[in-house]
Amino acid sequence: MREEIYIGGQWCRPSSGGSLPIINPATEEKIGSFAAGNAEDIERAVSAATKAFHGSWGHTSGRERACFLEQIAQVIEREQEHLARLEVLDNGKPLAEALWDIEDTAGCFRYYAGLARELEEGCVSPVELPDPRFQSQAVREPAGVAGLIIPWNYPMLMAAWKVAPALAAGCAMVLKPSELTSMTALELARIAHQVHLPAGVLNVVTGTGLEVGAPLCRHQDVQKVAFTGSVETGRAVMKAAAENITPVSLELGGKSPILVFDDVDLDTAVEWIMFGIFWNKGEVCSATSRLLVQQGIYEPLMKKLVDAAEKLRIGDGLTEGIQLGPLVSQGQYEKVSAYLQRAKAQGLKLLTGGVRPAHLSKGYFLAPTIFDQVPEDSEIWREEIFGPVLAARTFEDELDAIGQANKSRFGLAAAVMTQDEDRLLRMARALRAGIVWLNCSQPTFCEAPWGGRGLSGIGRELGPWGLENYLETKQVTRFRDGEKLGWYGIG
Ligand code: NAD
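This is how it looks when you write it as structure tokens:
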């Protein structure tokens, strides 16, 4: 992997001259390094983006931008296998999941190509005024230079969720990937270069949050900050952006509930519960990590769930048939392990997991873990763990289920499983979350809005809502020829 950053259409050494290691989480081995950028590099990158935005890019048509988005999608599709393998080496996820992510990444660029074309027709709308002497229009314009900061759980897909709408809107941008997973962001820069995206439109600066992310958020020439990551960092980002009153969108953590009523087919429910917590090793912001089961079916359902969890094939994501890879890093492994230790010390009952699988002596592996009848006030019920750890409890009836589900400071997602159509509708209304899944958990489409309430963030990504993040609305009002103001008795 190159130890360079991408600024103004050129690959260059970071100002610090330093680098950071790339560690394969399945083997704990160093497999390369990448550039450690800093505030000076951010200065150069924002200046390159500003130049591009005020140059020809800021005046491109939606159709022209759609062509670049389409071409990027095509290269990503062509290189799907290569990019997916890089994600596995960086993040640890199973190859089959990474292939899916890269397919979605290409799909996201293609979707926003469509919206870029539509934007061309819809960017000017007439405004009706009560005073006929005036004529007014609302004009949609690109916001300017966007600072994009992303986490490590879906490295290239999270980049696409921001870069694609920002390009569609006509913004120029500086992308800062996570220091744990920088490889595919650099590949995205390489692809942008390959399709001749104009210099400075997409800049990629790698490095740590404090050295690269923080100066990007507080830069006065950045007109939009889009952040995905933890609540704690989200707060820091919002504070830094507040200095220049820069608009911020935040996609933060979650502790989402999945509610299972006693009329469900148990096997179907188990499948979705598993998908909701063990997909991507549970390192999913919307993971349904709080399981609420109606009393009557708790025991048989939990038995089936534990059996299924114990059958998951755990190992190196590049090995055929693996369903659960290692956690992303030593830091994340230690963080999740510490939660498990504290839960055990509190006397919480484990149904399965809670330890490193016996057959894996290296790598940041944790067995799928399920805790039984977890008290509402315990930290594993309330806090985001971001690992393959499920906390389960029972509920009595619908009211109790809603009460328990909504008792959280997060509000990203919620899932409900029941065969009762009326109840599905009632629950969709009652659950306090940005996303409600009915009889499923986690399906994500780039056409549908994504984002949360409460501690889970501000704003929505994906769909036309995602494009809005990168647009400003300008009022253009004119006084009709031949009319008179007549206020001062002149003219
Ligand atoms: P994180 O907050 O540690 O880091 C996210 C990014 O912010 C990284 O690129 C990091 O380098 C950067 N950063 C760190 N400190 C910064 C600072 N002071 N200023 C600016 N940038 C800074 O999060 P993470 O551990 O990479 O990701 C996991 C978190 O992301 C989880 O909480 C998860 O729920 C959340 N997440 C949310 C969504 C969503 O759509 N809501 C999606 C994926 C992940």
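Here the working numbering is used: the first residue of the sequence shown is 14, the next is one more, and so on.
Glycine included, C-beta positions come from ideal geometry on N, C-alpha and C.
Because the structure is a prediction, the values reported are computed rather than measured.
N- and C-terminal bounds of the beta strand (DSSP E) containing residue i
i: cysteine 25; result: 23-25
i: alanine 173; result: First-last for alanine 173: 168-182, but that is the alpha helix (DSSP H), not the beta strand (DSSP E).
i: alanine 404; result: 402-408
i: valine 306; result: 303-307
i: asparagine 419; result: Taken as a continuous stretch (DSSP letters only), asparagine 419 belongs to no beta strand (DSSP E), being part of the alpha helix (DSSP H) at 411-419.
i: proline 313; result: Not the beta strand (DSSP E): proline 313 falls in the alpha helix (DSSP H), residues 311-323.
i: leucine 364; result: 362-365
i: lysine 375; result: Unbroken run through lysine 375: none, as it is neither H nor E.
i: leucine 215; result: 215-217
Where residue i falls: helix, strand or coil (DSSP)
i: lysine 43; result: strand
i: isoleucine 398; result: coil
i: arginine 436; result: helix
i: glutamate 264; result: strand
i: glutamine 488; result: strand
i: phenylalanine 274; result: coil
i: aspartate 385; result: strand
i: alanine 461; result: coil
i: leucine 128; result: helix
i: threonine 431; result: coil
i: phenylalanine 122; result: helix
i: leucine 102; result: helix
i: tryptophan 292; result: helix
i: tyrosine 346; result: helix
i: alanine 212; result: coil
i: tyrosine 19; result: strand
i: valine 283; result: helix
Where the alpha helix (DSSP H) through residue i begins and ends
i: proline 228; result: 227-230
i: glutamine 150; result: Note, glutamine 150: premise wrong, no alpha helix (DSSP H); beta strand (DSSP E) at 147-155.
i: valine 88; result: 75-91
i: proline 477; result: 476-481
i: phenylalanine 66; result: 52-67
i: alanine 239; result: Not the alpha helix (DSSP H): alanine 239 falls in the beta strand (DSSP E), residues 237-241.
i: alanine 249; result: 244-255
Alpha carbon of residue i to alpha carbon of residue j, nearest angstrom
i: isoleucine 89; j: phenylalanine 81; result: 12 Å
i: isoleucine 471; j: isoleucine 36; result: 32 Å
i: phenylalanine 122; j: threonine 219; result: 22 Å
i: histidine 232; j: arginine 146; result: 42 Å
i: alanine 249; j: glutamine 148; result: 43 Å
i: alanine 182; j: phenylalanine 378; result: 41 Å
i: glycine 502; j: glutamine 488; result: 28 Å
i: phenylalanine 288; j: alanine 282; result: 10 Å
i: valine 187; j: valine 217; result: 6 Å
i: threonine 12; j: valine 449; result: The question about residue 12 has no answer here: the residues shown for the chain are numbered 14 through 504.
i: phenylalanine 423; j: glutamate 396; result: 9 Å
i: glutamate 56; j: serine 29; result: 13 Å
i: aspartate 433; j: aspartate 276; result: 8 Å
i: isoleucine 115; j: glutamate 100; result: 9 Å
i: lysine 316; j: leucine 438; result: 29 Å
i: glycine 309; j: glutamate 409; result: 9 Å
i: glutamate 154; j: glutamate 481; result: 10 Å
i: leucine 325; j: valine 402; result: 14 Å
Contacts around residue i, its chain only, beta-carbon distance under 8 Å, and the 5 residues preceding and following it disregarded
i: threonine 40; result: Asp329, Lys375 and Gly376
i: alanine 443; result: Ile415 and Asn419
i: proline 34; result: Lys43, Gly45 and Ser46
i: glutamine 23; result: Ala212
Own chain residues within Cβ distance below 6 Å of residue i, not counting five before or after
i: valine 261; result: Val238, Met251 and Ala254
i: glutamine 236; result: Ala156, Gly157 and Val158
i: alanine 356; result: Ile393
Where residue i falls, given that 16 or more other Cβ within 10 Å makes a residue buried
i: leucine 340; result: buried
i: aspartate 144; result: exposed
i: cysteine 136; result: buried
i: leucine 412; result: exposed
i: isoleucine 162; result: buried
Sequence-distant residues of its chain with Cβ nearer than 7 Å to residue i (five each side left out)
i: alanine 205; result: Ile85 and Leu215
i: serine 469; result: Leu265, Gly266, Gly267, Phe423, Gly424, Leu425 and Gly447
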